[in-house]
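Sequential numbering of the sequence shown, starting at 415, is according to my numbering. One structure is given below, encoded as structure tokens.
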Amino acid sequence: MSDPAEPFRPSILPKARAIARDYKLTIERSERLGYIGSAVEMPTVFADGDTPEKCYQATQEALSVAVATMLESGQTPPQPAGFMKRTTQVNIRLTHEEKAMIASAAAKSGFKGLGDFIRTTVLDRALFNR
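Set out below in structure tokens:
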């Protein structure tokens, strides 16, 4: 095992950046921090920035370091969400008003569809409320 004070092996960080580049990021406005970002695949890794662009860059770097740490220690980082096959379907019934409220919240959070917004929100809640 390597010394924690030493940087990653030269091949690790570029590989980690390539993996993290395919992660699905969410960037939300924060009253205190400007913008805060995380990834669907690693919702416990966060970064912030004054602008959406700075937040995006900081989040990419935080994810890259997290993935590099996993690779360096022999762990397998999560696959990008876009690469995972979703084969199970769940149907829910909503009122028109509920759907409009969820669609509005999804759009404000930068999601293009209700499914990704609902899945991400529920999975984040499940992970944080264990």
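Ideal placement from N, C-alpha and C gives every residue a C-beta, glycine not left out.
{"Check": "Residue environment, residue 452, which counts as buried when at least 16 other CB atoms sit within 10 Å", "Outcome": "buried"}
{"Check": "Residue from 522, 477, 429, 491 with nearest C-alpha to residue 461", "Outcome": "477"}
{"Check": "Identity of the residue in 537, 482, 445, 500 nearest residue 432 by Cα", "Outcome": "482"}
{"Check": "Anticipated Cβ contact below 8 Å, residue 437 with residue 455, distance rounded", "Outcome": "5 Å"}
{"Check": "Contacts around residue 531, its chain only, beta-carbon distance under 6 Å, and the 5 residues preceding and following it disregarded", "Outcome": "520, 525"}
{"Check": "Nonlocal neighbours in the same chain, by C-beta distance under 8 Å from residue 449, ignoring five residues either side", "Outcome": "441, 442, 443, 462, 463, 464, 465, 466, 468, 469"}
{"Check": "DSSP-derived helix/strand/coil call for residue 443", "Outcome": "strand"}
{"Check": "Cβ distance (whole Å) where residue 459 is taken to contact residue 480 below 8 Å", "Outcome": "5 Å"}
{"Check": "DSSP state of residue 450 mapped onto helix, strand, coil", "Outcome": "strand"}
{"Check": "Close-in-space but distant-in-sequence residues of the same chain around residue 486 (CB under 6 Å, 5 per side omitted)", "Outcome": "422, 426"}
{"Check": "Assumed close pair residue 494, residue 484 - CB separation to whole angstroms, cut-off 8 Å", "Outcome": "No, residue 494 and residue 484 are not in contact; Cβ-Cβ is about 14 Å, not under 8 Å."}
{"Check": "Buried or exposed (CB count within 10 angstroms, at least 16 for buried), residue 502", "Outcome": "exposed"}
{"Check": "Limits of the alpha helix (DSSP H) - the one that residue 364 falls within", "Outcome": "No answer is possible for residue 364: the residues shown for the chain start at 415 and end at 544."}
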